[in-house]
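**Q** Here the sequence shown is numbered in the working numbering, starting from 1 and rising by one per residue. Positions of the beta carbon are idealized from the N, C-alpha and C atoms, including for glycine. Bear in mind that the values here come from a model prediction, so they are computed numbers and not experimental data. Can you keep this structure in mind? I'll have questions shortly.
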Amino acid sequence: MAYQITEDCIACGACSEECPTGAISEGDGIYVIDAETCIDCGACAGVCPVEAPQEA
1 MAYQITEDCI ACGACSEECP TGAISEGDGI YVIDAETCID CGACAGVCPV
51 EAPQEA
């Protein structure tokens, strides 16, 4: 299961920089995770200040 970013995202970019596979990109106002590339490591969730990345 891949992580998903909720609407709580403040678009700070911390998660994108931490992702080891580059699965996170800037979307329309919030960041998005490519489920095909996500390896479910949780690195994004560990650095997010608003806990926007959640396990799907």
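Closest by CA to aspartate 28, which one among Cys48, Val50, Ala2, Cys9?
**A** Position 28 of the sequence shown, counted from the first residue, corresponds to residue 28. Looking at the Cα atoms, Cys9 is the closest of the given residues.
**Q** Apart from the five residues on each side of it in sequence, which residues of its chain come closer than 7 Å, Cβ to Cβ, to cysteine 19?
**A** Here residue 19 refers to the residue found at position 19 of the sequence shown. Counting only Cβ-Cβ distances below 7 Å, and skipping sequence neighbours, we find Ala43, Cys44.
**Q** I'd like the list of long-range same chain contacts for isoleucine 30, defined as Cβ closer than 7 Å, with 5 residues on each side in sequence excluded.
**A** Position 30 of the sequence shown, counting from 1, holds the residue named residue 30. Within the same chain, isoleucine 30 has close Cβ partners Ile5, Glu7, Cys9, Ala11.
**Q** With glutamate 26 as the anchor, note down where its beta strand (DSSP E) starts and where it stops.
**A** If you number the sequence shown from 1, residue 26 lands on position 26. Segment 24-26, the beta strand (DSSP E) holding glutamate 26.
**Q** Quick one: what's got a C-beta closer than 6 Å to threonine 37's C-beta in the same chain, skipping five residues either side?
**A** If you number the sequence shown from 1, residue 37 lands on position 37. Excluding positions up to five away in sequence, the list reads Thr21, Ala23.
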